[in-house]
Amino acid sequence: MTQALPSTMLAAVSMGEKFVAMWPEAFLFITTCVVMVLGLSKSLPVRRMCAPLAGVGLIGAGLIAAAMTPDTLCPLPSMAMYGKVLAAGIGLVLVCLLAGTVDRDFESDVERTGWFDVIRSKRAEFWAFFLFSLTGLMLTAGADDLILLFLALELTSLPTYVMVAISTRRDRSMEAGVKYFFLGALGAAMFLYGFAFIYGGTGHTGLQDIQREVRAQVDAGGINELTMLGLVLAVVGICFKIAAVPMHFYTPDVYQGSSASMAGYLAFVPKAAGFFAIMLVVSCAGWGFGESRAELPGMLRDVLWIIAVLTMTVGNVLALLQSSVKRILAYSSIAHSGYMLVGVIAGPGLDGRGGEFTRNGLAAVLFYLLSYGVMTVGAFAVLACLERRSRDGEIEEADHVADIRGLCKTHPVLGWIMVVSVVGLLGLPPLLGFFGKLPLFTSAISAGEIPLVVILAINSAIAAYYYLRLAYLCYIDPPETSPNLAPLRATPFGSRRVAGMLSAIGVVVLAVVGGKLADATVTAGRYIPPAGQTQQPERAADDDAPTPEHVVAPH
Amino acid sequence: MMLLMLIAMPLMGALLIAAAPESRTRAIATIGSLAPVAWFAWLCTRFNWHGGGGGMQFEYAVGWFRPLGVTFTVGVDSVAMLLIGLTVLLGPICVIGSYTAISDRIRTYYGWLLVLQAAMTGVFCARDVILFYIFFEFTLVPMYILINLYGSTNRKAAATKFFLYTFTGSLFTLAGLVYVAYRRAAVSGEWTFGFEELAQTCRMFTASEQAWVFWAMLAGFAVKVPLFPVHTWLPLAHTEAPTAGSVVLAGVLLKLGTYGLYRFVLQFCPVAAIEFAPLLAIICCIGILYAGLICWVQTDVKKLVAYSSVSHLGFCILGLFALNATGLQGSVLYMINHGLSTGALFLMIGMMYERYHTRNMKELSGLAAKMPVWATFMVIFTMASVGLPGTNGFVSEFMCLFGAFQAGGAQWKGLSADGSMPVGGTLGVLGPYIAMVAGTGMIVTAIYLLYMLGRVVWGPLVEPAGHGHGHGGHGSHGHDPTGHKGGLPTDLGRREIALLVPLAALCIGIGLYPSSVLETLREPTRATASLMAETMNRMDAPKSEPAGKPVAGVEGGSESVDEGVTQ
Chain F
21 MTQALPSTML
31 AAVSMGEKFV
41 AMWPEAFLFI
51 TTCVVMVLGL
61 SKSLPVRRMC
71 APLAGVGLIG
81 AGLIAAAMTP
91 DTLCPLPSMA
101 MYGKVLAAGI
111 GLVLVCLLAG
121 TVDRDFESDV
131 ERTGWFDVIR
141 SKRAEFWAFF
151 LFSLTGLMLT
161 AGADDLILLF
171 LALELTSLPT
181 YVMVAISTRR
191 DRSMEAGVKY
201 FFLGALGAAM
211 FLYGFAFIYG
221 GTGHTGLQDI
231 QREVRAQVDA
241 GGINELTMLG
251 LVLAVVGICF
261 KIAAVPMHFY
271 TPDVYQGSSA
281 SMAGYLAFVP
291 KAAGFFAIML
301 VVSCAGWGFG
311 ESRAELPGML
321 RDVLWIIAVL
331 TMTVGNVLAL
341 LQSSVKRILA
351 YSSIAHSGYM
361 LVGVIAGPGL
371 DGRGGEFTRN
381 GLAAVLFYLL
391 SYGVMTVGAF
401 AVLACLERRS
411 RDGEIEEADH
421 VADIRGLCKT
431 HPVLGWIMVV
441 SVVGLLGLPP
451 LLGFFGKLPL
461 FTSAISAGEI
471 PLVVILAINS
481 AIAAYYYLRL
491 AYLCYIDPPE
501 TSPNLAPLRA
511 TPFGSRRVAG
521 MLSAIGVVVL
531 AVVGGKLADA
541 TVTAGRYIPP
551 AGQTQQPERA
561 ADDDAPTPEH
571 VVAPH
Chain Y
12 MMLLMLIAMP
22 LMGALLIAAA
32 PESRTRAIAT
42 IGSLAPVAWF
52 AWLCTRFNWH
62 GGGGGMQFEY
72 AVGWFRPLGV
82 TFTVGVDSVA
92 MLLIGLTVLL
102 GPICVIGSYT
112 AISDRIRTYY
122 GWLLVLQAAM
132 TGVFCARDVI
142 LFYIFFEFTL
152 VPMYILINLY
162 GSTNRKAAAT
172 KFFLYTFTGS
182 LFTLAGLVYV
192 AYRRAAVSGE
202 WTFGFEELAQ
212 TCRMFTASEQ
222 AWVFWAMLAG
232 FAVKVPLFPV
242 HTWLPLAHTE
252 APTAGSVVLA
262 GVLLKLGTYG
272 LYRFVLQFCP
282 VAAIEFAPLL
292 AIICCIGILY
302 AGLICWVQTD
312 VKKLVAYSSV
322 SHLGFCILGL
332 FALNATGLQG
342 SVLYMINHGL
352 STGALFLMIG
362 MMYERYHTRN
372 MKELSGLAAK
382 MPVWATFMVI
392 FTMASVGLPG
402 TNGFVSEFMC
412 LFGAFQAGGA
422 QWKGLSADGS
432 MPVGGTLGVL
442 GPYIAMVAGT
452 GMIVTAIYLL
462 YMLGRVVWGP
472 LVEPAGHGHG
482 HGGHGSHGHD
492 PTGHKGGLPT
502 DLGRREIALL
512 VPLAALCIGI
522 GLYPSSVLET
532 LREPTRATAS
542 LMAETMNRMD
552 APKSEPAGKP
562 VAGVEGGSES
572 VDEGVTQ
């Protein structure tokens, strides 16, 4: 209890610093307000400024974030910077992807009638929510307090419920939105419940304070049951955000129900927020347990282990059975969450700080998030670029696997984006997906999680089947013309194509020059063990035999 | 840099094909595949064929994915050099051999064929295990596409099976390699995927650890070879693939597996290799006989040759796991020879198929009467495949069996550690019985191949019903068999003969004067054999000590073993 005092003082002192650390979000928030107003303008050119302005906001926020200093109150002090820049970067691609998602028919009505109905316009809300959600993602990455973390996660999620519901004019979008909302609320309730238990078990909400308190509990004989219950509940609740078993059920339905562009958004933004949150929560307990002194505490590790294995397997196996590209990609998104959880379990490595890319599972997760985001956005961008007018006059996007048959012949650019994206997701060298997966392998092996690596390998092999099928359909199958359906044509939004091309180029180029990014993730994945160890010098070169310091009492 | 050109030339060809109009495709592909031949010929003059102790030549390294310790490092010894030679030789043969067989989507076809060649060359050059893995995996993509787009009826299933089998297996290889790298990093504190460093580390592992790495690596390479229980993808892939695809598959792609076993498994896990050599030998024997018997009952000529590959490579791996200089030399030579003779056989069958649109032995007979030139070559290559004395097949098959025969039981003790040809007792853990069983495989080989030869080449002339002769063959898709387009001559044309002559010359040349090749293999194989001899001696030494730490000697003695190899 004596430790609580200085930390409270520290927190008080750093309140100003905390706001300084939120400059990117503040900038984004201001942009959001402007976007919200501009989107309601009667003049079309002004309304059209929404998306470009959102892009400008993201660029600005990203630049500010890149100049930030590490947050010393967080067990993962440098993740905030990486996370915010990543959010801004992928956010830019998402701006391109989401163009034209709402208000398409409405704008033609406006043109016809010359009357702008403010109530029916959704543009302003959509882009404002988009930016709010990304603000939430940035805040999540930089959270150093449970309350802030909860608020940030909810800020990420709440706008997406609405965005899903309005992403197409179909009823099923509404259904998807409702489904997403109720399950999301359940998930949120669960991790909030968990946070409450953590607070009950440790008496703190600041992550570093909790970390210190957990350490004290360990020294006193073991982690408090309340704390442990809280950690497990929090992790399971956050599983909703990352679409992991047992909270994955909504994923395929929601992805299929929303527009392809929105599905691409869902595949990255909430997942990234979830992983930031999971790493922060788990880092409160830290990776100083087990025989190697580099494991998560027993129960937490077991829970994560089971979740990871189930998530990979369920995602990949169920993806084999789908006939809708969106559902395949949804299940693949589940599977990839499982892969990334392997990195979370592996933790920062035996040195306890995560100084090396090859051993730092957290860096591997952060790098994988980037590569997964790039690849999956590419795949969804292709779907978002293809549409047909169905019989009832509504716009239908490409979804069924038959729709992408022969795509490389009918729409060469889109076809190749799809092929490159899915082959990247497959993890085939020398594309980005391989370099994403390799550090997961190395870190998990370093952490002694050989069974996990074997399961990961088996799952990659299962996944090969459906990714190969998608690539096959695009590249090798001849185009199919169905008499019942109008032929697919490209959407009039060139920027979606740009989003796809950016992704495809990223999949190739980042594999060649990814070394620099990997360095950035090492910095971002640096973990500060609880007090008492932060002062210790860097570990010696030979760390094969774990040093006992990790468990020695701070005093 | 010199090796990079070998990889870059076909790649540049592929890029040019993508950019240039379709009318130029064949010319670019031909140049793109012939240029490496010329470059390789020049490299041969610069290469020290008797270079010392398995050392690498033409080494070149640049950093790549630094945080992971991945580098772009290439280098070759004479084993790799010979296999690269095989690759670049088969390149133009495949390209030129497809002039008439492939008529639609030719840019895709030739482009990927060249990419495939680049990737295969890369596998043999790579000295960084991740780079090796990258090339190894990347060969799947072009092959998958070639089978899928240009294969026969059941091509989709064949291509998928091929891809999934190989991909799955090699993931475990990757896991094994990463594990070794992790152990290396634990010792030296620095991550590297350099081949030598990892091999040294892995040799210091305990026997059980080596066994794990051994099986992990075997998972990938055994599928590729393919060894007996995991060979089922091969006949399918071969039968469905277009001719050039089959040639490359049999000629080079399967060698990636045997090369991997030679280069990785033996160098990384000598203890496990010795421990499991008898098991592997039994698997090989089963493969040799079982696949041989399957060949016997085939009616599809191409399928017969495909299964014969399984049988033949059983000999190759048997020689490899004889673990002595004779067996290793024979095994590496077998890789080359199998590539030449089986590759040529697939080419022959492709030429026949182009003319008759069938490969069914029931519909074809006595073709010697119609196509004497074709028949002559067919006999030469079949004989080479059977292993008739005077052809290349005989030398390597004999050496593999002889190596296994010599590798008798416990007699390795007291051998010269340089692995030189033993005089009295010898080296290895197999023995005469294994060699005897495998030897019966030679008889089976002779039976099915001669049966095939007797049926297709000799005997009364039978041609497919309603299919007169000399019809234009064009495209193996089988559609519109009467459409005459670029009609093929009745017998082989000059282009086809030009393709077969170098292969036939090599088959007979190596058969008559094998020491030309064997000499160049002496150094690297001897180094490997001496590593094995050292390891066996050390494994043997502590046997008198109480059980429980049977490999202590290996760990302690690994320094001297390393010196034996890297000097």
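These protein sequences, in sequence, are chains F and Y.
Just so we're aligned: the first sequence equals residues 21 to 575 in our numbering.
Just so we're aligned: the second sequence equals residues 12 to 578 in our numbering.
We put the CB at the ideal spot given by N, CA and C, even for glycine.
DSSP three-state call for residue i: helix, strand or coil?
i	result
VAL236 (chain Y)	coil
TYR71 (chain Y)	strand
PRO475 (chain Y)	coil
SER410 (chain F)	coil
ALA31 (chain Y)	coil
THR387 (chain Y)	helix
ILE139 (chain F)	coil
ASP165 (chain F)	strand
GLY430 (chain Y)	Its pLDDT being 48, under 50, GLY430 (chain Y) is placed unreliably in this model, and the value from its coordinates should be taken loosely. The answer is coil: DSSP assigns GLY430 (chain Y) none of H, G, I, E or B.
ASP125 (chain F)	helix
PRO499 (chain F)	coil
ILE415 (chain F)	strand
SER376 (chain Y)	strand
THR243 (chain Y)	coil
THR451 (chain Y)	helix
SER344 (chain F)	strand
ASP311 (chain Y)	strand
PHE377 (chain F)	coil
THR402 (chain Y)	strand
ALA25 (chain Y)	helix
ALA333 (chain Y)	coil
Label residue i either buried or exposed according to how many other C-beta atoms from any shown protein chain fall within 10 Å of its C-beta, with 16 as the threshold for buried.
i	result
TYR524 (chain Y)	exposed
GLY398 (chain F)	buried
PRO103 (chain Y)	buried
PRO246 (chain Y)	buried
GLU407 (chain F)	buried
PHE202 (chain F)	exposed
PRO471 (chain Y)	exposed
ARG132 (chain F)	exposed
THR179 (chain Y)	buried
In whole angstroms, what is the alpha-carbon distance linking residue i and residue j?
i	j	result
CYS494 (chain F)	SER441 (chain F)	12 Å
CYS94 (chain F)	GLU251 (chain Y)	59 Å
GLN228 (chain F)	TRP436 (chain F)	47 Å
HIS242 (chain Y)	LEU229 (chain Y)	13 Å
ALA169 (chain Y)	VAL308 (chain Y)	21 Å
HIS249 (chain Y)	THR84 (chain Y)	32 Å
CYS116 (chain F)	PRO179 (chain F)	19 Å
TYR359 (chain F)	ALA519 (chain F)	25 Å
GLN340 (chain Y)	LEU503 (chain Y)	35 Å
ALA210 (chain Y)	GLY162 (chain Y)	39 Å
ALA196 (chain Y)	LEU399 (chain Y)	50 Å
Considering only residues of the same chain and omitting the five flanking positions on each side of residue i, which have a CB-CB separation below 7 Å?
i	result
GLY303 (chain Y)	SER322, GLY452, VAL455, THR456 and TYR459
PHE239 (chain Y)	ILE294, ILE297, GLY298 and TYR301
THR369 (chain Y)	LEU375 and PRO475
Looking only at its own chain, which residues have a Cβ that is under 6 Å from the Cβ of residue i, when we skip the five neighbours before and after it?
i	result
VAL301 (chain F)	ALA254
Grab me the residues of residue i's own chain with a C-beta within less than 8 Å of its C-beta, minus the 5 sequence neighbours each way, in chain order.
i	result
GLU376 (chain F)	GLY369 and VAL542
Beta strand (DSSP E) runs wholly inside the segment 66–141 of chain Y, at least 3 long, in chain order:
68–76 and 81–87
Suppose only complete runs of 4+ residues qualify. What are the alpha helix (DSSP H) ranges in the segment 81–133 of chain F, listed by chain order?
99–118 and 124–133
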